[in-house]
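A quick write-up on the structure given underneath.
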Amino acid sequence: MKYNGNKYSNKRNIPSIIKAIQQETADSNMTIEFENIMVSMFASVLLFLASIANFVIRYIVQSQNLKVCLFNTLLFLFIGIAFEVVTRMGLRANLVTLIISGLSFSTLIYITIAFYDVIGPAIWTVAFIQLLMAMIRITKVMMYSLVLAIIMSNIYILYHSLHSPFFHMGSVYYIVQIVLFMIVCIISAVVHNVNANRYHWVNKQYTELMEKNKLIISSKKQIKHLAYHDYLTGLPNRMALSEKLNHSILLSSNMKKMLVVMFLDLDDFKIVNDTMGHDIGDQLLIEVSKRLVNTLHKCDTVARIGGDEFIILVEDIKDMNYIDIISKKILNCLNEPFRLNNQDCFVTTSIGVAIYPNDGENPEELIKNADIAMYKAKGKDKNQYEICTPTLKMKIVETVEMNNSLCQALERNEFELYYQPQLSCNSNEIVGLEALIRWNHPKLGMVYPLEFIPIAEQTNLIISIGEWVLRTACKQNKMWQDSGLPRIRIGVNVSAKQFQNSNLVKDVEGIIRETGLDYKYLELEITESAAMKGKDNIIKTLRVFKKMGIHIAIDDFGTEYSSLNYLRQLPADSIKIPMTFIQGIGVNNKDEAITKAIIILAKNMGLSVIAEGVEKKNQLDFLNQGMCDEIQGFYYFKPMPVHEVEILLKKSL
Ligand code: C2E
Ligand code: CA
């Protein structure tokens, strides 16, 4: 017979079921112990009464031998005490049950023998009561021992009733007694079975659920680990860092101490990923994290919060010197090359430092300010650290303000295009104009592109600004051409972000069609670094432009990582030598050598060369001698507004 477990199978959650089963099991275990105590109590009381009854009946009523009477009385008392002692010895419940069963068995046989001559066959009622009690017991041993005792005492009663001079039991009476015993035995067995099954079922369920619970606990632990750790390096992640930082801030504020948040960003990690593959990139991140952890103290926290960005939390900072020491230690620990895939990989990092409480009172603010300082460090040079300052924070506030007003600048028509002429070295004639954007800020006055273009690039505003520049420049050129002014090329700067816009080709095509300018009078200028960023995609787009007949110029050539192989693939028409090299002419031999080399390289590749930022006669002479094609610079003209260009172009007619 199975115990009905519906109680646990309805829609209760696992913890509540476990709780119920734990309770049930505890109850069951208690039942065995409780039953043992009850049986012992019952037996010891019974034996105490039996000892008194024995003495009274045998000695006082029947005047039997005192020694025999006392022996029986003491024996009953002794067994009664034995029952009590067994339950109090702290033995295992099952062992106690076994001993009690043995004692009950012997007591029953002994009572039958001892009182048969006093009570006669009715002595079996004692066993009967015992048996009724045994049927609710969980362990079988007590029941078996009682049944055995009943059988044996019945054999004794039968034997004695046949030979006793006092009691003669009729066979009907005897048969009724046997049948009654059998019925009680069967009922006892059934009731006992139900009880025992229930107990075992509960135990089994409990064990199974405990196993499940263990699994749940271990997967919960795993989930928690994943939620708080970086999958790649095993370091704490942003969430764990935030919690830790909150806690550390609280401690530092109570103890009036400083704590430091360092924002680390690996320099040129993208190049490692692009050139060596993402697997090596991942390996590098793991190795870097190991070095950081080994370099810092155990009490410092190193977390990875994204790509190649790590945050280090150092508590209990005594003075500013300590920050310098730790920062240098971190920079130094990355000096040694990393051996990855049998190659030495060199890596540097830029660190931004924010200090609690000066640079923020919560994790977000501290991380943000450390990030700001890190950008400043990256801007300075590679492998540097920078501590956050009020000026730095002010600059960011300004940037945010500028960004807000940038959003409205287009609608408010605050942008204006200036044009800087480009002259042919041979004819000294204007052969092109570069469109350069200016922002007429209502409060700040004229703002130059280097101040706002990087912000516009960060916020993607550059897409709509770029479109406006292109439309305005093409329209203007077409207007000049239509008004009879010389048909010259107009150069428009296109930033890398604009190339990420999948509609760029369509937009350019649309604007050209809309303005009616011939493709050949448009030049798109893209910086070498921008062209390097999205290599394949940019080359594809540039090829489409080139096919349309648009002129392509590579701006600032040679300032970044020039790859000759890459240059070979670029569908360019001209190269622009940056101002930094031109201004080194007559000052620095190396700049002169580079300028010459760029011209020779371009010529050999069939590209024309424009020198930018020419301010002096000696620079012009040097370039003329070197066979440069075109010149752009203050020596001839500065960037100028529309009406000034018009005057100039009219003059040139
Ligand atoms: P760039 O493309 O290298 O433009 C040339 C910059 O050099 C211009 O600065 C120009 O005024 C300056 N320049 C030219 N000749 C001389 C010279 O002889 N001496 C000196 N000191 N400077 C000279 P500007 O107008 O401030 O533009 C700075 C940069 O802003 C540009 O560098 C270009 O990268 C970016 N930019 C300008 N307009 C746009 C635009 O419409 N779109 C995008 N994406 N970027 C633009
Ligand atoms: Ca340019």
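For the sequence shown, counting from 1, position 160 maps to 159 in numbering that gives the first Met the number 0; every step adds exactly one.
The beta carbon of each residue, even a glycine, is placed where N, CA and C say it ideally should be.
{"query": "With a threshold of 16 other CB atoms inside 10 Å of the CB of D26, please say whether the residue is buried or exposed.", "result": "At D26 the pLDDT is 49, less than 50, meaning the model places this residue with poor confidence; the figure from the coordinates comes in the next sentence. By the neighbour-count rule (16 or more Cβ atoms within 10 Å), D26 is not buried but exposed."}
{"query": "K602: which of M626, Q582, G583, N617 sits nearest, CA to CA?", "result": "M626"}
{"query": "Apart from the five residues just before and just after E522, which ones in its own chain have a Cβ nearer than 6 Å to its Cβ?", "result": "R488, G490, H550, A552"}
{"query": "Could you give the uninterrupted runs of the beta strand (DSSP E) lying entirely in the region 233–293, keeping only those of 3 residues or more?", "result": "257–265"}
{"query": "Could you tell me if R338 is buried or exposed, where buried requires 16 or more neighbouring beta carbons within 10 angstroms of its beta carbon?", "result": "exposed"}
{"query": "Apart from the five residues on each side of it in sequence, which residues of its chain come closer than 7 Å, Cβ to Cβ, to A353?", "result": "V260, G359, L365, N368, A369, A372, C387"}
{"query": "So, at 7 Å on beta carbons, what are the nonlocal neighbours of Y384 in its own chain, with the 5 sequence-adjacent residues on each side left out?", "result": "S326, L330, I350, V352, A376"}
{"query": "Three-state secondary structure (DSSP) at T24?", "result": "Below a pLDDT of 50, predicted positions are generally treated as unreliable, and T24, at 49, falls in that range; the measurement from the model is reported next regardless. Reduced to three states, the DSSP call for T24 is helix."}
{"query": "Could you tell me if V178 is buried or exposed, where buried requires 16 or more neighbouring beta carbons within 10 angstroms of its beta carbon?", "result": "exposed"}
{"query": "Keeping to the same chain, check which residues put their C-beta closer than 8 Å to that of S651; ignore five residues upstream and five downstream.", "result": "E428, I429, P485"}
{"query": "If you measure between the beta carbons of D554 and T526, is that distance less than 8 Å?", "result": "yes"}
{"query": "Taking Cβ to Cβ, would you say S482 is nearer than 8 Å to L409?", "result": "no"}
{"query": "Can you find a heavy atom of ligand 2 that lies under 7 Å from the Cβ of E456?", "result": "no"}
{"query": "Smallest Cα separation from I98: which of T86, Y109, I108?", "result": "T86"}
{"query": "On the DSSP bridge list, what partners appear for F414?", "result": "W438"}
{"query": "Are the region 248–257 and the region 292–307 touching by the rule of at least three beta carbon pairs closer than 8 Å?", "result": "no"}
{"query": "Given that a residue counts as buried once 16 or more other Cβ atoms are within 10 Å of its Cβ, and exposed if not, what is N5?", "result": "Its pLDDT being 42, under 50, N5 is placed unreliably by the model, and nothing is read from it."}
{"query": "What are the residues that DSSP puts in a beta bridge with V301?", "result": "I311"}
{"query": "Write down the C-beta distance between M275 and Y417 rounded to the nearest angstrom, noting that I regard them as a contact closer than 8 Å.", "result": "The pair is not a contact, with the Cβ atoms about 43 Å apart (cut-off 8 Å)."}
{"query": "Please state the DSSP three-state secondary structure of F621.", "result": "helix"}
{"query": "What residues are listed by DSSP as bridge partners for V610?", "result": "Val is not the amino acid found at residue 610; the sequence shown has Ala there. Paired residue(s): I576, I630."}
{"query": "In terms of alpha-carbon separation, which member of P235, V346, Q282 lies closest to R303?", "result": "P235"}
{"query": "Report yes or no: do three or more beta-carbon pairs, one from the region 44–58 and one from the region 68–84, lie closer than 8 Å?", "result": "yes"}
{"query": "Report the three-state DSSP secondary structure of D343 (helix, strand or coil).", "result": "strand"}
{"query": "Between V468 and A495, which are expected to be in contact by the criterion C-beta below 8 Å, what is the C-beta distance as a whole number of angstroms?", "result": "Rounded, the Cβ-Cβ distance is 15 Å, inconsistent with contact."}
{"query": "Measuring alpha carbon to alpha carbon, tell me which of Y198, Y447, Y115 ends up nearest R57.", "result": "Y115"}
{"query": "Are D299 and L283 closer than 8 Å when you measure CB to CB?", "result": "no"}
{"query": "For I454, I'd like the list of residues in its chain whose CB is within less than 7 Å of its CB, leaving aside the five on either flank, ordered along the chain.", "result": "T398, M401, N402, L405"}
{"query": "Using beta-carbon positions only, say whether I248 and Y321 come within less than 8 Å of one another.", "result": "no"}
{"query": "What does a CB cutoff of less than 7 Å around T24 pick up in its chain, not counting 5 residues either side in sequence?", "result": "Residue confidence for T24 is low, a pLDDT of 49 falling below 50, so the modelled location carries little weight and cannot support an answer."}
{"query": "What are the boundary residues of the beta strand (DSSP E) that includes T526?", "result": "521–526"}
{"query": "Tell me the rounded alpha-carbon separation between I310 and I538.", "result": "36 Å"}
{"query": "Mapping the DSSP letters down to three states, classify D323 as helix, strand or coil.", "result": "helix"}
{"query": "When you compare the CB positions of F82 and S144, do they come within less than 8 Å of one another, or not?", "result": "no"}
{"query": "May I ask whether a heavy atom of ligand 2 can be found less than 7 Å away from the beta carbon of N492?", "result": "yes"}
{"query": "Between M626 and chain B, is there a C-beta pair that is closer than 8 Å?", "result": "Of the protein chains in this structure there is only one, and it is not chain B."}
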